[in-house]
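Residue numbers (my numbering): 777 to 1219.
Notes follow once the structure below has been shown.
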């Protein structure tokens, strides 16, 4: 389908959006189309739905055509192509910010140079597109899709960044909101600094949950208390920073690789904890097999996002911190207090939009969407990527928001962690329009 490049100047050219649809099964009354967005920013909704459509329960597949549209700038739609042929992280990223002052400055400068390189390449090769791939324009595209599908209201399930996109749509078109599920919610009122800082704190909560579970198991490889387990993770990372583990001629594991594997497992939730324990045990014994499996899962996710992550995110203030190297070094102590394990890694992200050629078009602000139909917000109490307080905040902001809580671990909840309570509650809302009771908590 075609949509305007610039909604303010519809005659300035078009973009091409691509979509997939899995039609309703024909059993029972069809409600309409259900748009699904997996998050990102920059993730392919098409790839996600192709992989997961059959996970939706029969009642939902009978009631809706399942639809996914790759947002403008992303993969199958008109993509942002910056023609970058560089690593996804700068050289020397394994060096720690808590090392000596000279090394700290060198590491921060390396990240700053990398983000400048990405920004310059995107300005050169995709400059005409960059001002027009933000969340506001994608939300307007969703309303075009709704009309083309013949629906009076938009029915929607969004995860993670997809909750920000859904809330943005509700703010623009509150009277056209149908049944909307926002799972793993982003708080649109947070600026980029607070979002990175609170994500670091979210990973700290998730790590302590894993460590407490590990402490209770005989096969825990790192110790017998949460404190000891955390100390040994830090020691192991420092060791790998100094002397990376090499296995064969093509595999090298650094401290950053170890931390990436840990964060990947924490985001996946308890289903990945056994593999994380095995990965840690393997690294201690010089075997990277289990760790490589976790790293492969993380690389698959990041590869699907690419340059669109910056192009989309840097236009929205909650995703677009613009900090100088000096400011990042000044912020480091607060990040380390929020998360001794992950603050040092998260603080580097404050530079990611510092050199972006387009300023944010969407400020951080609460979204209330007055007049919208009831919107179901789902939050997970130990979600590292979108901490639970964000779901609480979004549900309060939305004039028709209702919070459903999953008391559990990992990122997002609906059809993710096997909670029958969450899945049946959301299914009932989507198919019958029935909201859960105020304060409902699932396990």
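Here a beta-carbon is modelled for each residue, glycine too, at the ideal position from N, C-alpha and C.
Note that the structure is predicted; figures quoted are calculated from it, not measured.
Tell me which residue opens and which closes the alpha helix (DSSP H) that residue 1198 is part of. Membership of residue 1198 in the alpha helix (DSSP H) is indicated by the continuous run 1196-1208.
Helix, strand or coil at residue 1134 [DSSP, three-state]: Coil, per DSSP.
Does DSSP classify residue 1175 as helix, strand or coil? Here residue 1175 sits in coil by DSSP.
Through-space distance from residue 948 to residue 899, alpha-carbon basis: C-alpha separation (whole angstroms): 29 Å.
Just to check my reading of the structure: residue 1180 and residue 1152 have Cβ atoms closer than 8 Å, yes? What is that Cβ distance to the nearest angstrom? Confirmed, about 6 Å.
In terms of residue numbering, what span does the beta strand (DSSP E) encompassing residue 954 cover? It spans 953-959 - the beta strand (DSSP E) in which residue 954 sits, taken as one unbroken run.
Scan the region 920-1007 and note each continuous alpha helix (DSSP H) run of 4 residues or more that stays entirely inside, going in chain order. Complete alpha helix (DSSP H) runs here, min 4: 937-948, 968-991.
As a quick exercise: from 1195, 1050, 950, 977, pick the residue whose alpha carbon is nearest that of residue 1145. Ranking the options by Cα distance to residue 1145, first place goes to 950.
Can you name the start and end residues of the alpha helix (DSSP H) that residue 837 belongs to? Under the DSSP assignment, residue 837 falls in the alpha helix (DSSP H) whose first and last residues are 834-839.
Return the chain-ordered list of same chain residues with a C-beta closer than 7 Å to the C-beta of residue 1069, the five sequence neighbours on each side being excluded. So the qualifying residues of the chain are 1051.
Residues in the same chain with beta-carbon distance under 7 Å from residue 976, minus the five sequence neighbours each way, listed in chain order, please. Only residues of its own chain outside the window of five on either side were considered, and among them 1111, 1114, 1115, 1118, 1119, 1122 have a CB closer than 7 Å to the CB of residue 976, listed in chain order.
With a Cβ-Cβ cutoff of 8 Å, do residue 916 and residue 930 count as a contact? Cβ atoms of residue 916 and residue 930: not closer than 8 Å.
By DSSP's criteria, residue 1027 is part of a beta bridge. Which residues make up the other side? DSSP output for residue 1027 lists 1023 as bridge partner(s).
Closest Cβ-Cβ distance between residue 829 and chain B: below 8 Å? Here chain B cannot be found, since the structure has a single protein chain.
Among 981, 1017, 1177, 1094, nearest to residue 1045 - alpha-carbon criterion: When only C-alpha atoms are compared, the closest one is 981.
Which residue comes first and which comes last in the beta strand (DSSP E) that contains residue 1155? 1151-1158 is the extent of the beta strand (DSSP E) around residue 1155.
Supposed close pair residue 839, residue 784 - CB separation, criterion 8 Å: Here residue 839 is actually not in contact with residue 784; their C-beta atoms are around 37 Å apart, not less than 8 Å.
Spatial neighbours of residue 1150 in its chain, beta-carbon cut-off 7 Å, leaving aside the 5 residues before and after: Excluding sequence neighbours, residue 1150 sits near 1176, 1178, 1211.
Evaluate contact between the region 1121-1135 and the region 881-893, counting only Cβ atoms and requiring at least three cross-stretch pairs below 8 Å. Of all C-beta pairs linking the region 1121-1135 to the region 881-893, three or more are shorter than 8 Å, placing the two stretches in contact.
Please return the same chain residues whose Cβ sits closer than 7 Å to the Cβ of residue 867, not counting the five positions on each side in sequence. Interpretation of residue 867 is limited by its pLDDT of 46, a score under 50 that renders its predicted location unreliable; the figure taken from the coordinates is listed afterwards. Around residue 867: 886.
Does the region 990-1007 come into contact with the region 1187-1197, if we say contact requires no fewer than three beta-carbon pairs (one atom in each stretch) closer than 8 Å? These segments do not touch.
Per DSSP, residue 798 is paired with what? According to DSSP, residue pairing for residue 798 in a beta bridge involves 842.
Which residue from 1100, 1035, 1143, 1203 puts its Cα closest to that of residue 946? The shortest C-alpha separation from residue 946 is found at 1143.
Just to confirm the assignment: which complete alpha helix (DSSP H) runs, minimum length 4, are found wholly within the region 1064-1124? Here the runs fully enclosed are 1065-1079, 1084-1089, 1101-1114, 1119-1122.
Buried or exposed: residue 1208, going by 16 or more other Cβ atoms within 10 Å of its Cβ? With fewer than 16 Cβ atoms within 10 Å of its Cβ, residue 1208 is classed as exposed.
Beta-bridge pairing of residue 755 - partner residues as DSSP gives them: A question about residue 755 goes unanswered here, because the residues of the chain that appear run from 777 up to 1219.
Express the C-alpha separation of residue 958 and residue 1005 in angstroms, rounding to a whole number. Distance between the alpha carbons of residue 1005 and residue 958 is about 34 Å.
Using 10 angstroms around the beta-carbon of residue 914, count the other beta-carbons present and answer buried if the total reaches 16, otherwise exposed. Of the residues assessed, residue 914 falls on the buried side of the cut-off, its CB having 16 or more other CB atoms within 10 angstroms.
Do three or more CB pairs link the region 1052-1062 to the region 1085-1101 at distances below 8 Å? No: fewer than three Cβ pairs fall under 8 Å.
For the alpha helix (DSSP H) holding residue 824, just list the boundary residues, first then last. Element bounds for residue 824: 821-828.
Quick check: the Cα distance between residue 822 and residue 832, rounded to an integer number of angstroms? Rounded to whole angstroms, residue 822 to residue 832 spans 15 Å at the Cα level.
Alpha carbon to alpha carbon, how far is residue 1085 from residue 1015? Give it in angstroms, no decimals. Computed Cα separation, rounded: 32 Å.
With DSSP as the reference, please indicate the residues paired to residue 809 in a beta bridge. DSSP output for residue 809 lists 841 as bridge partner(s).
Could you check if residue 792 is buried or exposed, using at least 16 other CB atoms within 10 Å of its CB as the buried criterion? Around the beta carbon of residue 792, a 10 Å sphere encloses fewer than 16 other beta carbons of the protein chains shown; the residue is thus reported as exposed.
Could you have a look at residue 1185 and say whether DSSP puts it in helix, strand or coil? In the structure shown, residue 1185 sits in a strand (DSSP, three-state: E or B).
Find out if the Cβ-Cβ distance for the pair residue 1040, residue 1073 is shorter than 8 Å. Cβ atoms of residue 1040 and residue 1073: closer than 8 Å.
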